[in-house]
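Remarks on the structure that follows.
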Amino acid sequence: LGLALYAGSLCPVGGATFLYHDYCVIGAGPAGLQAAYFLQQAGRDYIVFERSHAPGSFFALYPRHRKLISINKQYTGKSNSEFNLRHDWNSLLSHDRRLLFRRYSRDFFPNADTMVRYLEEFASLLKLRVQYNTAIIHVTLEKNERAWNGHYFLLTDQDRKNYKCSSLLVAAGTWVPNVVNFPGSEYVEGYETVSINPEDFAGQTVLILGRGNSAFETAENILGVTNFIHMVSRSRVRLSWATHYVGDLRAINNGLLDTYQLKSLDGLLEGDLEDLAIIKDKKGKLHITLRFYLENRNISAGIDSITLPQDELDNFATRAPYDRVIRCLGWKFDFSIYNRSLRMMPGKGNIKKYPQIKPSYESRGTQGLFVLGTASHSVDFRKSAGGFIHGFRYTTRAVHRLLENRHHGVPWPSTVYPITQLTNSIIKRVNEASGLYQMFSVLADIILLRENATAFEYLEEYPIGVLAELEMQTGRKARNALFVIIMEYGRNFSGADKDVFYYNRAVGEAQHAWQSNFLHPVIYYYKRLPTEREMRLLHPDWPLPRPDAIHHIVEDFLTDWTAPNAHILPLRRFLENCLCTDLRNFFAESCFLFAFTHQKLPPSCQQGYVRMQGLVGSQELRHHAVQAGLLQDYTHTDFSGDRPPDSHDGSQGIPVRPLQHLVNAKDE
117 LGLALYAGSL
127 CPVGGATFLY
137 HDYCVIGAGP
147 AGLQAAYFLQ
157 QAGRDYIVFE
167 RSHAPGSFFA
177 LYPRHRKLIS
187 INKQYTGKSN
197 SEFNLRHDWN
207 SLLSHDRRLL
217 FRRYSRDFFP
227 NADTMVRYLE
237 EFASLLKLRV
247 QYNTAIIHVT
257 LEKNERAWNG
267 HYFLLTDQDR
277 KNYKCSSLLV
287 AAGTWVPNVV
297 NFPGSEYVEG
307 YETVSINPED
317 FAGQTVLILG
327 RGNSAFETAE
337 NILGVTNFIH
347 MVSRSRVRLS
357 WATHYVGDLR
367 AINNGLLDTY
377 QLKSLDGLLE
387 GDLEDLAIIK
397 DKKGKLHITL
407 RFYLENRNIS
417 AGIDSITLPQ
427 DELDNFATRA
437 PYDRVIRCLG
447 WKFDFSIYNR
457 SLRMMPGKGN
467 IKKYPQIKPS
477 YESRGTQGLF
487 VLGTASHSVD
497 FRKSAGGFIH
507 GFRYTTRAVH
517 RLLENRHHGV
527 PWPSTVYPIT
537 QLTNSIIKRV
547 NEASGLYQMF
557 SVLADIILLR
567 ENATAFEYLE
577 EYPIGVLAEL
587 EMQTGRKARN
597 ALFVIIMEYG
607 RNFSGADKDV
617 FYYNRAVGEA
627 QHAWQSNFLH
637 PVIYYYKRLP
647 TEREMRLLHP
657 DWPLPRPDAI
667 HHIVEDFLTD
677 WTAPNAHILP
687 LRRFLENCLC
697 TDLRNFFAES
707 CFLFAFTHQK
717 LPPSCQQGYV
727 RMQGLVGSQE
737 LRHHAVQAGL
747 LQDYTHTDFS
757 GDRPPDSHDG
767 SQGIPVRPLQ
777 HLVNAKDE
């Protein structure tokens, strides 16, 4: 039987033999392993191809100075594992508690070697199907009507072995160094090969091209031994605490900003790198000039025959010669292995280093090809954390759920609750959910209301970019109104030029919640599912189309949205206004009163008291309710007079004592 199954997986095509799998994953980095975990848990036929001998090969080399900038918070004061993932930026998602990153390192900023070891054990302990030392060098399509997407993906490795799959998951990351070509660029050293020994830079003058974390990481390593360091880039420095984007400059690497602003020789410059030129003199020193000075000039004739900027402007900023120039410009996606039939095109503008994909993480050019991990960051570039482990572990899970529904008829996981649990369900999620917290403004919880709003269906962490396609992508019906819950920063709080430490930057009153600046929950209410046209016409600064109603839960210094008056009460009243119902919970005694005085009972009475469920009153509870103003105190009511004790008119509630008498009589 085993031989028969193996033979059945070998597909001869045009004389070549292809080994078939339903899913092929390219790359065994964090995203590839995360995808493999979900596929294995679902019992799917998959294979992961890794060019190196071990997973996480990127982290075996980068960052060059070995300190990660992803935080590894050991303690939060809470034991809730979902909440703790909000502050664990390195762990992948799994059912195995042994595979939490904090068990591998206690450092707040761990060493990259620890990440390599963690990924190796993640793959081995979970027995993921990874084929190492396999570099995929070519990917093309084969049209076939019987295939899931109308075509198969054909892959070829470095040994000319062939593979075929129905769905292709690209998790190869961005690993090709960005290189800018200009006259003299051959004198530039790359971040990927430059020495990491500070002594090699002792007494030297260094120019660094770039202004990201790799550039500042390199500067931080040699800051104490160089004459001075200059850093040049097209854009101004962007601090992560101002932009709230973890890919911008982190505080752990920004020592050069101190030495620049405190007048210690180092400095930052802005300029287009393509306009630069480097000339090497006879002593080996590197001189910076501008490209237009070299027009119609012979560089090989020597520096003496070339006009330098300081010849015309004697205080030109980079007039001093440099000993070394280092390129630290980041990385880009490798498009070279994909045949033109796949139409894997680079993005435009500042996302040109990533392939073009839809908000569902599927390629815009080829159905069935999904991009995962860092390479999928074009969906939320400079907006959220989708380019980093603590973000793409959730987007990878979302892609898996989309595939489960599309190819295997497994709907998006959901839970149905009675409407009385609506407030509690939202409060629980906004206080615990790590996916909403990390992938703010990208992933959302969706609440689908059932007919007559007597119950609701709760879907977690759905990509809001494909909200209009919810029914098709999830297999769930959205026939009625719905709520969308996301986390957001204030509209005008994030930006490279923003002062995020200004006085009165925080909002504390519930009535001003819409002005909240820090990350906080926002609930959108739609009477119907937004259309694809509304999503297309969406303003670029807004995560969702204009809702029928919106509610901001006021920001909280502790990110603990459980305050009864500031958080829960305004939320409940918003939900009640949207649903035109009363979401309060009542004692059985109150429900009994409502049954005699109201035409319609509140949902908590319908789903509790009427079904002989709920909290039975006691003297202590009644006393507490009276003190809280929830019940009227009838204990001192004088029922003497002409009206009998059990009589009442329509405008008054039924006294407690007579009703208790009726209940006792019924029981008897």
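Under the numbering used here, the residue at position 373 of the sequence shown is numbered 489, and the numbers go up by one with no gaps. Where is the CB? At the ideal position from N, CA and C, for every residue including glycine.
Query                                                                                                                                                            : Result
State the CB to CB distance for the pair Leu565 and Leu586, rounded to an integer number of angstroms; the pair is presumed to be in contact (CB under 8 Å).     : That pair is no contact at about 13 Å.
Our contact map puts Val164 next to Ala152 with C-beta atoms below 8 Å; I'd like the distance itself, whole angstroms only.                                      : 5 Å
Output yes or no for whether 7 Å exceeds the beta carbon distance between His493 and Phe154.                                                                     : no
For Gly387 and Arg407, I'd like the C-alpha separation in whole angstroms.                                                                                       : 12 Å
Which ranges does the beta strand (DSSP E) cover as unbroken runs of at least 3 residues, wholly within the segment 264-321, from first to last along the chain? : 267-273, 278-286
Using the DSSP secondary-structure output, state which residues sit across from Thr570 in a beta bridge.                                                         : BP columns for Thr570 are empty, so no partner.
Select from Glu692, Leu717, Ala436, Leu184 the residue whose C-alpha is nearest the C-alpha of Asn329.                                                           : Leu184
Are the CB atoms of Trp291 and Trp447 within a distance shorter than 7 Å?                                                                                        : yes
Just tell me which of Leu270, Asp364, Cys281 has its CA closest to the CA of Trp264.                                                                             : Cys281
On a CA-only basis, which of Phe708, Ser734, Glu428 is nearest Val798? Give me that one, please.                                                                 : Residue 798 lies beyond the residue range present for the chain, which begins at 117 and ends at 784; the question has no answer from this structure.
When you compare only the Cα positions, how much space is there between Glu569 and Leu695?                                                                       : It should be noted that the sequence gives Ala, not Glu, for residue 569. Their Cα atoms are separated by approximately 7 Å.
Rounded to the nearest angstrom, what separates Arg649 and Pro425 at their Cα positions?                                                                         : 53 Å
To which residues of the same chain is Gly371 closer than 7 Å at the C-beta, ignoring the five residues directly before and after it?                            : Glu336, Leu339
Secondary structure at His636, three-state DSSP: helix, strand or coil?                                                                                          : strand
Would the segment 517-534 and the segment 597-611 be scored as touching if the rule is three or more Cβ pairs under 8 Å?                                         : no
In angstroms, rounded to a whole number, what distance separates the CA positions of Leu135 and Arg245?                                                          : 15 Å
Three or more beta-carbon pairs under 8 Å between the segment 538-549 and the segment 472-492, yes or no?                                                        : no
Which one of Thr359, Thr321, Leu402 has the shortest CA to CA distance from Asp788?                                                                              : This structure leaves residue 788 out entirely; the chain is present only between 117 and 784.
Does the distance from the C-beta atom of Val670 to that of Ala622 stay below 7 Å?                                                                               : no
Hey, is the segment 631-641 in contact with the segment 663-678, meaning 3+ C-beta pairs nearer than 8 Å?                                                        : yes
If you follow the alpha helix (DSSP H) that Val515 is part of, which residue opens it and which one closes it?                                                   : 505-524
Which runs of the alpha helix (DSSP H) at least 4 residues long sit entirely within the segment 524-560? Give them in chain order.                               : 538-548, 550-554
Asn188 and Asn200 look like a contact to me (Cβ under 8 Å); what is the Cβ gap, rounded to whole Å?                                                              : About 11 Å separates the two Cβ atoms, so there is no contact after all.
To the nearest angstrom, how far is the alpha carbon of Phe673 from that of Ser457?                                                                              : 52 Å
Please name the residue in Asn547, Gln554, Leu538 whose C-alpha comes closest to that of Ile562.                                                                 : Leu538
Determine, using beta carbons only, whether Pro475 and Gly581 come nearer to each other than 7 Å.                                                                : yes
On the three-state DSSP scale, how would you describe Thr833?                                                                                                    : Here the chain has residues from 117 to 784 only, and residue 833 is not among them.
Which whole runs of the beta strand (DSSP E) in the segment 665-709 are 3 residues long or more, in chain order?                                                 : 665-668
From which residue to which residue does the alpha helix (DSSP H) around Ser330 run?                                                                             : 329-338
Let me know if Gly159 comes out buried or exposed under the rule of 16 or more other beta-carbons within 10 Å of its beta-carbon.                                : exposed
Can you tell me where the beta strand (DSSP E) holding Arg440 begins and where it ends?                                                                          : 440-443
Can you look up Leu135 in the DSSP assignment and give me helix, strand or coil?                                                                                 : strand
Could you spell out where the beta strand (DSSP E) holding Leu384 opens and where it closes?                                                                     : 383-386
Hey, would you say Ile721 sits closer than 7 Å to Phe702, going by beta carbons?                                                                                 : The sequence shown places Cys at residue 721, not Ile. Yes; because the gap between Cβ atoms is below 7 Å, this pair is in contact.
If we call anything under 7 Å between Cβ atoms a contact, is Ile602 one with Ser557?                                                                             : yes
Where does the unbroken beta strand (DSSP E) through Thr405 begin, and where does it stop?                                                                       : 402-406
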